[in-house]
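Residue numbering for the sequence shown is 20 to 191, as defined by my numbering.
All C-beta atoms, glycine included, are put in the ideal place defined by N, C-alpha and C.
Note that the structure is predicted; figures quoted are calculated from it, not measured.
Notes follow the structure.
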Amino acid sequence: ELKGKSDWKNMVRRDVSFIAGEGVFVSANIFNGKNGTMEKVVADIYKDGELAIEISAQRAYWDKVEKKWTFSNGALTKYKGGKPLTKSFDIYKSDISINPKKLVLEELVADGISIRKLLGRIEKLRFVGLSVIAEKTLLYSKIAFALSNFIMAMLGIMVILSLKVNKMFSMG
Numbered sequence: 020e021l022k023g024k025s026d027w028k029n030m031v032r033r034d035v036s037f038i039a040g041e042g043v044f045v046s047a048n049i050f051n052g053k054n055g056t057m058e059k060v061v062a063d064i065y066k067d068g069e070l071a072i073e074i075s076a077q078r079a080y081w082d083k084v085e086k087k088w089t090f091s092n093g094a095l096t097k098y099k100g101g102k103p104l105t106k107s108f109d110i111y112k113s114d115i116s117i118n119p120k121k122l123v124l125e126e127l128v129a130d131g132i133s134i135r136k137l138l139g140r141i142e143k144l145r146f147v148g149l150s151v152i153a154e155k156t157l158l159y160s161k162i163a164f165a166l167s168n169f170i171m172a173m174l175g176i177m178v179i180l181s182l183k184v185n186k187m188f189s190m191g
């Protein structure tokens, strides 16, 4: 598939979930990192290990002036004492302040992260009930790569040693 100049970084993603700060998990049907927009978006904000606020909206956009995400046409649910209190809104200015370009480069493209960070990401995604299939696949490939390098080194050592042993006992 050929991509135009503007989409070479693959900044438009479908069905994404990512961590947008400490205790903030966001899921979106469509995420556009270039334009700083999300469609059919849900943001869950956790405090002390419990769901405190849920923002569910048709659209969210990055406010470049205030450097925060603004949600439109949705509902805000606050959980206090186990009781949900829901209010609908036309516009809601959130406290979520992670830049969309940072999300594209660091959170959505997980190939460059360490195994330790990947394990932490898997734990956080499981905590909120999101799928971890892609992260587990990446984890297994990282582990397999490390183990295959070790096995290849051991095979190389065995070949070298067997050649030296054969030379020592050869007649001629």
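At the C-beta level, K66 and G40 stay beyond 8 Å of one another. Just measuring C-alpha positions, the residue of A71, S91, V45 and I74 sitting nearest Y80 is S91. Distances from the CA of I110 to each of I152, A165, K87 and V35 were compared; the closest alpha carbon is that of K87. Rounded to whole angstroms, the Cβ separation of L158 and I141 is 7 Å, and the two are in contact under 8 Å. The beta carbon of S46 sits closer than 6 Å to those of S36 and V61, all from its chain and outside the five residues before and after it, given in chain order. CA-CA distance, I179 to N168, rounds to 17 Å.
Going by beta carbons, G68 and P119 fall outside the 8 Å limit. Between Q77 and G52, the beta carbon gap of about 19 Å keeps them out of contact (Cβ cut-off 8 Å). Remark: C-beta atoms of I38 and K143 approach each other more closely than 8 Å.
Straight across, the Cα-Cα distance linking K59 with A172 is about 50 Å. Judged by beta-carbon spacing, L174 lies beyond the 8 Å limit of E154, meaning their Cβ atoms are not closer than that value. A check of alpha carbon separations from E85 across T105, L95, K112 and T156 identifies K112 as the nearest.
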